[in-house]
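Asks:
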Amino acid sequence: MHFWLQREVATKTKAICYLEERHQAYRNVILENHLVIKDESMDDWRYGFSDPRYVVNVSKRVQTDLTEEALRKNEVHFISLADKLKELEEEISSKKSDMLERFQEIEKDLLSKNLLVDSLTHQLEEADKEAAQATERHQKEREAFLERLSELGQIAENVPILQFELEKLQQVIFKLAGNFSTFPSF
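Following this line, the structure appears as structure tokens:
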């Protein structure tokens, strides 16, 4: 009987240990999932050691609820991301069109400036040609003026000589005329 009693005590001790381990596993599951038991005080509950022999298998309903909740969160997140992506695409498209318009304006301005530079270059070339022609005309006029001045200078040099010759001839004529006056009259 003593042996039987020891065996009975050992069996009951094993059963109590088993029940305590199960009880701790259930408490852990309850604490992990933030569940509340109405009629039991949870003040002295604490998360205990997780026994790897007790694996929590989530029921299909709980899995479905969790999956549905995760899907809802993912869907909300996806919609939020899709909205942000759409806003970014609109912003990029707006900036792209603004940049395109700006580049077109810059290209138009550069084309206008190139045309203006070409026009001014042509005008400067024409002005340079006219200035060269005017300089050439002035040079020819100057050369003609200097040549005429040289001719007049030669004439002016000849004038005193001619003046002197004229005076000489007049003296000769006066002398001759004086000689003729001494001739007897007929």
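Residue 430 in my numbering is what sits at position 152 of the sequence shown, and the numbering runs on without skipping anything. Ideal Cβ placement from N, Cα and C applies to all residues, glycine included. Computed from a predicted structure; not experimentally measured.
Buried or exposed, going by whether 16 or more other CB atoms sit within 10 Å of the CB of residue 352?
Replies: Under this definition residue 352 is an exposed residue.
Asks: Hey, quick one: how far does the alpha helix (DSSP H) through residue 307 stretch, first residue to last?
Replies: Note, residue 307: alpha helix (DSSP H), 280–310.
Asks: So is residue 392 buried or exposed if we call it buried at 16+ other beta carbons inside 10 Å?
Replies: Per the 10 Å Cβ criterion, exposed.
Asks: So residue 306 packs on residue 328, CB below 8 Å; how close in whole Å?
Replies: With a Cβ gap of about 6 Å, residue 306 and residue 328 count as contacting.
Asks: If you draw a straight line from the alpha carbon of residue 464 to that of residue 452, how long is it in whole angstroms?
Replies: Low confidence applies here, because residue 464 scores a pLDDT of 46, under 50, leaving its location unreliable; read the following figure in that light. Cα to Cα, the separation comes out at about 21 Å.
Asks: Would DSSP call residue 384 helix, strand or coil?
Replies: Here residue 384 sits in helix by DSSP.
Asks: Report the rounded CA-to-CA distance for residue 419 versus residue 434, giving the unit in angstroms.
Replies: Looking at the two C-alpha atoms, the distance is approximately 22 Å.
Asks: Alpha carbon to alpha carbon, how far is residue 432 from residue 440? Give it in angstroms, no decimals.
Replies: Taking the straight line from one Cα to the other gives about 12 Å.
Asks: Taking the C-alpha atoms as reference points, what is the distance between residue 438 and residue 400?
Replies: Residue 438 and residue 400: Cα-Cα distance of roughly 57 Å.
Asks: For residue 292, which residues in the same chain have their Cβ closer than 6 Å to its Cβ, ignoring the five residues on either side in sequence?
Replies: The answer is none, since no qualifying residue turns up.
Asks: Return the CA-CA distance between residue 308 and residue 299, expressed in angstroms with no decimal places.
Replies: So the two alpha carbons sit approximately 14 Å from each other.
Asks: Would you report the Cα separation of residue 296 and residue 330, rounded to the nearest angstrom?
Replies: About 13 Å.
Asks: What does the alpha-carbon distance come out to for the pair residue 361 and residue 355?
Replies: Straight-line Cα distance between these residues: approximately 10 Å.
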